[in-house]
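One structure is given here, and the rest of the page talks about it.
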Amino acid sequence: MTPKNRDAALVEYQRQIGKVLNCVANCWVYAYPSRKAGQYMLIAAPADAEKTDKASEYFLRVKRGKEVLFFRGYQFFEVFDDDSFRISTLKYYYSIWPKQSELLIDFHYHERKADLYKGHLHIPPKPGVAPVHFLINKHIPTARIPIEDVVRFMITEVGVTPRTDAWQSTLNETEAIFSANRTK
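In this text, residue positions in the sequence shown follow this note's numbering: the first is 6, and each later residue adds one.
Here it is, written out as structure tokens:
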């Protein structure tokens, strides 16, 4: 379904990202204009959180058996005002934390040089421990990673417990929409 206007495109995009993230966390997603003209910021927040524009304050709680992990994710994007009102991701930051003070892995997509967007990930050092290998804090190149793949990774590789049995079909459905409409 093609949105009929910019507002409908924003609502639909928030709904799609919300479906993805609710596979692992009880949350809501909202977008608001960023400081750069024509751009928006999309934030995922716990369902019980107060609304704020500070994405760094939001950690989604995800369960890994009896353990609680934390996920933080936000994006910057723009809406193309053509017949399709497509969304184009300009940058994203997706982080998985075993504790709110201890980052496990960090997926990024943002401009690194003029007109060049680079996907990469970071493996940070454990706080208070000397780096154990040379890849700590390096920019490890990746392709652009859909948020569906990050959630899929959390469930299949990290062991996060899905909140719904339909998580695979939900991720496949929303990723198909992303793939059909991607601009970059």
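In this text, a Cβ means the ideal position worked out from N, Cα and C, and glycines have one as well.
Would you tell me roughly how many angstroms separate the C-alpha atoms of residue i and residue j, rounded to the nearest one?
{"i": "PHE82", "j": "HIS113", "result": "14 Å"}
{"i": "ASP53", "j": "TRP33", "result": "9 Å"}
{"i": "LYS104", "j": "VAL84", "result": "35 Å"}
{"i": "ARG91", "j": "PRO151", "result": "16 Å"}
{"i": "ALA185", "j": "GLU178", "result": "11 Å"}
{"i": "ALA13", "j": "TYR63", "result": "25 Å"}
{"i": "ARG157", "j": "MET46", "result": "23 Å"}
{"i": "ALA30", "j": "ARG77", "result": "11 Å"}
{"i": "ARG69", "j": "THR7", "result": "37 Å"}
Which partner residues of residue i appear in the DSSP bridge assignment?
{"i": "PRO146", "result": "HIS125"}
{"i": "PHE112", "result": "TYR99, LEU126"}
{"i": "TYR79", "result": "ILE48, TYR98"}
Would you decide whether residue i is buried or exposed? Buried here means 16 or more other CB atoms lie within 10 Å of its CB.
{"i": "ARG187", "result": "exposed"}
{"i": "LEU140", "result": "exposed"}
{"i": "VAL73", "result": "exposed"}
{"i": "ILE22", "result": "buried"}
Does the contact criterion of 3 or more C-beta pairs under 8 Å hold for the segment 18-26 versus the segment 98-111?
They do not touch, by the three-pair rule.
What runs of the alpha helix (DSSP H), each 4 residues or longer, lie entirely inside the segment 9-61?
Secondary structure remark: continuous alpha helix (DSSP H) runs of at least 4 residues inside the segment 9-61, in chain order: 11-26.
Flag this pair as touching only if the segment 129-139 and the segment 153-166 have three or more C-beta atom pairs under 8 Å; answer yes or no.
Too few Cβ pairs lie closer than 8 Å, so no.
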